[in-house]
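So the sequences go chain by chain: A and B. In terms of the working numbering, the first sequence opens at residue 1 and continues consecutively. In terms of the working numbering, the second sequence opens at residue 1 and continues consecutively. We put the CB at the ideal spot given by N, CA and C, even for glycine.
There are 2 protein chains.
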Amino acid sequence: MLQILKLFCNFVAVMEDLLRSKKLSVTDFRVSVLEIFNRYSSAITSDQIESELGEFDRITLYRTLKTFKEKGVIHEIALTDTDTVYALCLDDCIEDEHIHHHEHVHFKCDNCGNVFCLDIPAYPDLNLKGFRVDRMDIQVFGKCEACSC
Amino acid sequence: MLQILKLFCNFVAVMEDLLRSKKLSVTDFRVSVLEIFNRYSSAITSDQIESELGEFDRITLYRTLKTFKEKGVIHEIALTDTDTVYALCLDDCIEDEHIHHHEHVHFKCDNCGNVFCLDIPAYPDLNLKGFRVDRMDIQVFGKCEACSC
DNA sequence: TGAGTATTTGCAACATTATTGCATTTTTAA
DNA sequence: TTAAAAATGCAATAATGTTGCAAATACTCA
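Laid out in structure tokens, this is it:
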């Protein structure tokens with residue numbers, strides 16, 4: 001509740017806290033990028049971020065996203081070879097010896113193209129004999145709530 | 001059984017049939033690429049194909065893989081942004097109005113790095129309220145049979 | 001608060017990969 | 001066997017990923 005209040009009253013402070021909690025310097029550029037993530041309810045492409053940023057340096061954005069990934073601020077969702085989106089990490093994102101897991105299901109709407117992080121654990125029992133399962137990535141395709149009526 | 005016999009006796013003929021069934025011209029290059037796929041029991045990277053091809057033109061390989069994907073000869077598995085592998089399509093691969101589905105689970109071994117297409121349907125019930133599910137991609141990570149003993 | 005240190009940024013340059021156009025070669029179909 | 005269609009190889013270009021370094025910014029601690 002305090003969190004929600006903060007979001008409305010002092011968005012920047014929350015973003016600064018997030019950065020500091022990950023031991024990252026607070027810079028204008030990083031706050032801008034986080035703000036963009038926050039404006040979307042879905043995962044976004046780096047192209048979308050680029051067009052949202054008024055000024056913009058390609059290399060800095062590249063490095064910012066890389067840093068954010070490494071520190072567990074965002075996670076990358078590879079839908080296909082050339083379709084990669086990014087989303088803010090949820091609470092269930094675990095950083096474990098530099099390997100960053102995001103144990104939830106992703107949904108891409110074939111109609112509007114939006115990608116959503118679903119708050120359900122990605123662990124159905126597939127009964128894979130002979131294989132030791134450590135984790136899985138699940139991407140679901142179909143129509144989202146708004147597009148299916 | 002006839003299929004297996006053919007594989008041993010006249011591999012090229014089988015590959016030619018495969019190409020013809022997809023309305024693709026039979027060329028030396030394409031047969032070579034298919035032969036490489038056939039030598040592996042797991043999915044392979046384009047780098048692996050490159051190093052297997054003695055002579056080799058990067059652009060032709062790029063176009064060959066693209067054509068194979070479009071025609072449903074192979075499918076692409078995007079594990080991460082920069083980790084993409086290819087595998088021959090199984091019988092359950094469906095080509096539907098230029099969209100190519102491969103409704104099975106992929107397994108990547110964290111130890112040996114091999115990627116396997118598992119012959120189980122990728123359709124656990126995740127109970128996604130509000131979303132209409134058309135298909136899903138599931139990638140499983142862990143240790144394969146050979147690496148887990 | 002301010003000085004010194006560490007980090008980040010922006011630019012230039014380069015590496016790698018994806019993509020297109022076109023002439024030549026190969027394959028297909030009659 | 002021959003004309004038409006398709007695939008290949010080469011050149012050139014576009015797009016993306018990556019590094020080094022100097023200038024600017026943020027952080028730490030007295």
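(request) Report all residues from its chain with a CB closer than 8 Å to the CB of threonine 84 (chain B); omit the five preceding and five following residues, and keep chain order. (result) Thr45, Ser46, Glu76, Ile77 and Ala78
(request) Anything in chain B within Cβ reach of valine 133 (chain A), meaning under 9 Å, just list it in chain order. (result) Phe107, Val140, Phe141, Gly142 and Lys143
(message) Below 8 Å on C-beta distance, what does glutamate 76 (chain A) contact in chain B?
(response) Thr80 and Asp81
(message) Taking 7 Å as the limit between beta carbons, can you name the residues of its chain near aspartate 154 (chain A), skipping five residues before and five after?
(response) Chain A is shown only over 1 to 149; residue 154 (chain A) falls outside these bounds and no answer can be derived.
(message) Just to confirm the assignment, what range does the alpha helix (DSSP H) spanning valine 12 (chain B) have?
(response) 11 to 21
(request) From the DSSP output, in three-state form, read off phenylalanine 116 (chain A) for me. (result) strand
(request) Give a yes or no on whether the minimum CB-CB distance between glycine 130 (chain A) and chain B is below 8 Å. (result) yes
(request) With 8 Å as the threshold, decide whether the Cβ of threonine 84 (chain B) is near any Cβ in chain A. (result) yes
(request) Since I believe leucine 24 (chain B) is in contact with lysine 71 (chain B) (beta carbons under 8 Å), could you give me their beta-carbon distance rounded to a whole number of angstroms? (result) Going by Cβ atoms, the distance from lysine 71 (chain B) to leucine 24 (chain B) rounds to 6 Å, so yes, they are a contact pair.
(message) Considering only their Cβ atoms, is the gap separating cysteine 112 (chain B) from cysteine 149 (chain B) smaller than 8 Å?
(response) no
(request) Pull up the DSSP beta-bridge partners for cysteine 109 (chain B), would you. (result) B:Gly142
(request) Determine the contact status of phenylalanine 131 (chain A) and leucine 88 (chain A), defining contact as a CB-CB distance below 8 Å. (result) no
(request) Pull up the distance between the alpha-carbon of serine 42 (chain A) and that of leucine 53 (chain B), whole angstroms please. (result) 42 Å
(request) May I have a chain-ordered list of the alpha helix (DSSP H) segments no shorter than 4 residues that lie completely inside the region 54 to 83 of chain B? (result) 58 to 71
(message) Cβ closer than 8 Å: which chain A residues qualify as neighbours of methionine 15 (chain B)?
(response) None at all; the shortest Cβ gap to chain A is about 24 Å.
(message) Out of B:Val26, B:Ser32, B:Lys108 and B:Glu50, which one is the CA nearest neighbour of leucine 128 (chain A)?
(response) Checked all of B:Val26, B:Ser32, B:Lys108 and B:Glu50; the closest Cα to leucine 128 (chain A) is B:Lys108.
(request) Would you decide whether phenylalanine 68 (chain B) is buried or exposed? Buried here means 16 or more other CB atoms lie within 10 Å of its CB. (result) buried
(message) Cβ closer than 9 Å: which chain B residues qualify as neighbours of serine 148 (chain A)?
(response) Residues of chain B passing the Cβ test: Gly130, Phe131 and Arg132.
(message) Could you compute how far the alpha carbon of glutamine 48 (chain A) sits from the alpha carbon of valine 12 (chain A)?
(response) The alpha-carbon of glutamine 48 (chain A) is positioned some 21 Å away from that of valine 12 (chain A).
(message) Let me see if you follow: with CB-CB separation under 8 Å, is aspartate 47 (chain B) close to chain A or not?
(response) no
(message) To the nearest angstrom, how far is the alpha carbon of valine 31 (chain B) from that of glutamate 55 (chain B)?
(response) 14 Å
(message) So with CB distances below 7 Å, who are the chain B contacts of isoleucine 120 (chain A)?
(response) Leu126
(message) If the criterion is Cβ atoms closer than 8 Å, does the pair phenylalanine 29 (chain B) and threonine 80 (chain B) meet it?
(response) no
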